[in-house]
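Reviewing the structure listed below.
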Amino acid sequence: MPAENNSPRFMCRVVLALLVYCLQVANGYSSDSFSEAVYKNDVTGMEAFLAAPGPIPNIDVRGANGKTALMIAARSGDMGLVMKLLKRGADPNTVNINGGTPLMFAAISGNGLIVEELLGRGAAVNATGSNGWNALMVASAKGFPDTVRKLLDSGADINAADVYLWTPLHRAAYENRILTVEVLLGYEGINVDFQDDHGATPLHLAAVRGHQEVVEKLLEAGADPLLQDSNGRVAADYARGGGHESLATRLDARA
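So, in structure tokens, the structure goes:
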């Protein structure tokens with residue numbers, strides 16, 4: 174064996190290739206199959222197999238990163254393909270290697286019709302991935318207010334927190350999703366001053382990013398500008414730390 178083929182990098186590649194092969198075998202992968210289309214994220218190929226009569230042995234076969242055909246269709250916002258998969262028995266509660274569900278992938282696309290269909294088929298609205306994210310957090314971070322509303326109306330936990338103790342409101346405030354912030358603040362029970370693992374609130378995050386409209390909406394909803402994080406910093410300190418002196422001055426005036 175050549176010397177370079179004894180390197181750790183080469184051996185890692187060999188092991189990785191074997192793992193991929195074993196995963197393919199375990200999930201029923203074969204050439205010219207529905208499984209192959211899923212592994213390739215080939216929507217056209219999936220459509221072709223679904224158009225043919227007869228059962229598909231493993232409609233929930235997993236491809237790259239454990240994604241199923243339903244996840245791929247939901248992520249792409251393809252309502253037609255989603256419906257075909259569900260009618261052929263696709264499970265709306267399958268998870269990929271990170272705990273992601275079809276509902277979370279639908280939230281990424283922001284397709285409210287797909288979200289509604291999955292929820293109607295029994296998709297778990299508060300299912301969380303390995304990072305603690307759920308569909309509501311995804312939709313909030315992406316800024317899809319209509320999808321956020323559909324999820325909340327279906328029982329999504331408005332104060333659910335991820336591994337960093339960020340809530341949907343933290344995500345929306347940080348990403349300057351003003352319309353989503355307004356929707357979230359309109360629901361009863363929201364904790365506008367929820368503190369993350371460092372004591373930061375949605376107001377702190379909006380302030381450090383200089384999102385003035387979000388800051389105003391949070392203050393109108395009762396956010397406390399004097400609430401301190403774990404290092405004793407208040408919202409004005411966050412604004413100054415982000416280089417937003419005029420916003421910091423306004424926050425000082427609200428204190």
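Going by the working numbering, the letters in the sequence shown line up with residues 174 to 428, in that order. For each residue, glycine too, the CB sits at the ideal point set by N, CA and C. In this text the structure is predicted, and so the values were computed from the model without any measurement.
Residue 287 to residue 303 span [Cα, whole Å]: 23 Å
Residue environment, residue 270, which counts as buried when at least 16 other CB atoms sit within 10 Å: exposed
Rounded separation between residue 305 and residue 392 - CA only: 27 Å
Same chain only: Cβ atoms within 8 Å of residue 215, ignoring 5 sequence neighbours per side: 209
C-alpha gap between residue 250 and residue 309, whole angstroms: 17 Å
4-residue-minimum alpha helix (DSSP H) runs that sit fully inside the region 330-402, ordered along the chain: 341-347, 351-358, 375-382, 385-393
Cα-Cα separation, residue 307 to residue 244: 14 Å
Proximity below 8 Å, CB of residue 312 to CB of residue 283: Yes, Cβ-Cβ distance for residue 312 and residue 283 is below 8 Å.
The region 370-380 contacting the region 399-419, beta-carbon criterion three pairs below 8 Å: yes
C-alpha gap between residue 322 and residue 385, whole angstroms: 23 Å
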